[in-house]
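Participant: Numbering (the UniProt record's numbering), first residue to last: 1 to 317. Each residue gets a CB set at the ideal place from its N, CA and C atoms; glycine is no exception.
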């Protein structure tokens, strides 16, 4: 599995508290939007390399102050360990420079949020079970069944891979985040896409919904379990969608049989509560504790009065 974790670097105020003031005004692939920011990102990459990470890309992302560092794929457990270590390294180095690193999915309204696209392949005896020279997009029947499993369990998966109330501010149309339960080839409007690959070994699928606020151990376990369930049940993946789903209206989505991801943590958690496969992937004790914590979070969020509500209703109600 190969994750692509994104994060923001923000300034701190005079009291050392985090702000949402970005450290630069750069955009996608900008090398030196602000020299100090580039140096900090390079420092993070160097420290990761010293710790044994094989850093593949180190770049500025779309939004001001947003970055992405991608490290080489590994087996699921090692990948989860790497994500946890990566977040600690990023936060520690940012603090060393009096900055705040956040993996919050959507810290600022109106700009792209931070995701953690996750690339997945399945190997057995050194052979990539997702590759088939004669298959559509060179994907095997096993790969299609794995895709079908993820699509089938997508609502419940979302609760684990997008586990905060803020996660659902990212999963909206218009900001390069997936919203629709579909798959395609090199089509970023779908939940799952098949990236172009240069060899049988690199043939893989990309799940685009996870965000870096998720617990990597729980998220990866849920993803794998969903895919394996698709294989064991022999599920058939729907036809890939070749068009930009963001441009579909509701009637066209219905025609194509495209569902929408949960629009809130409450909706996603309800789906998880009704999905025995994903619940079992977490284990009974972990699931119960997760559900308890998330129900409390949802209730606290419901009772909180936001700045938006005051701006909207204080003078007009």
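#1: On the three-state DSSP scale, how would you describe residue 2?
#2: DSSP three-state call for residue 318: helix, strand or coil?
#3: Do residue 302 and residue 273 count as a contact pair if the criterion is CB distance below 8 Å?
#4: Is there contact between the region 147 to 156 and the region 261 to 270, where contact requires at least three CB pairs shorter than 8 Å?
#5: With distances taken from CA atoms, which of 232, 119, 214 and 267 is nearest residue 87?
#6: For the region 80 to 107, list the beta strand (DSSP E) runs that are entirely contained and at least 3 residues long, ordered along the chain.
#7: May I ask you to list the residues that DSSP assigns as paired with residue 130?
#8: With a floor of 4 residues, list each alpha helix (DSSP H) that falls wholly inside the region 165 to 190, ordered by position along the chain.
#9: Quick check: the region 98 to 117 against the region 11 to 27, are there 3 or more CB pairs under 8 Å?
#10: With H, G and I counted as helix, E and B as strand and the rest as coil, what does DSSP make of residue 56?
#11: Using C-beta distances below 6 Å, list every residue in its chain close to residue 158, excluding the 5 sequence neighbours before and after it, in chain order.
#12: Quickly, what does DSSP pair residue 71 with across the bridge? List them, please.
#13: Provide the residue span of the alpha helix (DSSP H) that contains residue 201, from first to last.
#14: Rounded to whole angstroms, what is the Cα-Cα separation between residue 6 and residue 257?
#15: Is the separation between the beta-carbon of residue 145 and that of residue 234 shorter than 8 Å?
#16: Please report the distance separating the alpha-carbon of residue 229 from that of residue 298.
#17: Using only alpha-carbon positions, find the residue among 49, 105 and 81 that is nearest to residue 217.
#18: Are there 16 or more other CB atoms within 10 angstroms of the CB of residue 200, so buried, or fewer, so exposed?
#19: Just to confirm the assignment, what range does the beta strand (DSSP E) spanning residue 119 have?
#20: In terms of residues, what are the limits of the alpha helix (DSSP H) holding residue 266?
#21: In whole angstroms, what separates the C-alpha of residue 116 from that of residue 251?
#22: Leaving out the 5 sequence neighbours to the left and right, which residues in its chain are closer than 8 Å to residue 271 when beta-carbon positions are compared?
#23: Taking its Cβ as the centre, do 16 or more other Cβ atoms sit within 10 Å of residue 289, making it buried, or is it exposed?
Facilitator: According to the data block:
#1: strand
#2: Lying before the first or after the last residue shown, residue 318 is absent from the chain, which here runs from 1 to 317.
#3: no
#4: yes
#5: 214
#6: 99 to 102
#7: Note: residue 130 sits in no beta bridge, so no partner.
#8: 167 to 170
#9: yes
#10: strand
#11: 261, 262 and 268
#12: 55
#13: Here residue 201 belongs to no alpha helix (DSSP H), and DSSP marks it neither H nor E.
#14: 31 Å
#15: yes
#16: 29 Å
#17: 81
#18: exposed
#19: 116 to 120
#20: 265 to 273
#21: 30 Å
#22: 155, 156, 158, 159 and 262
#23: exposed
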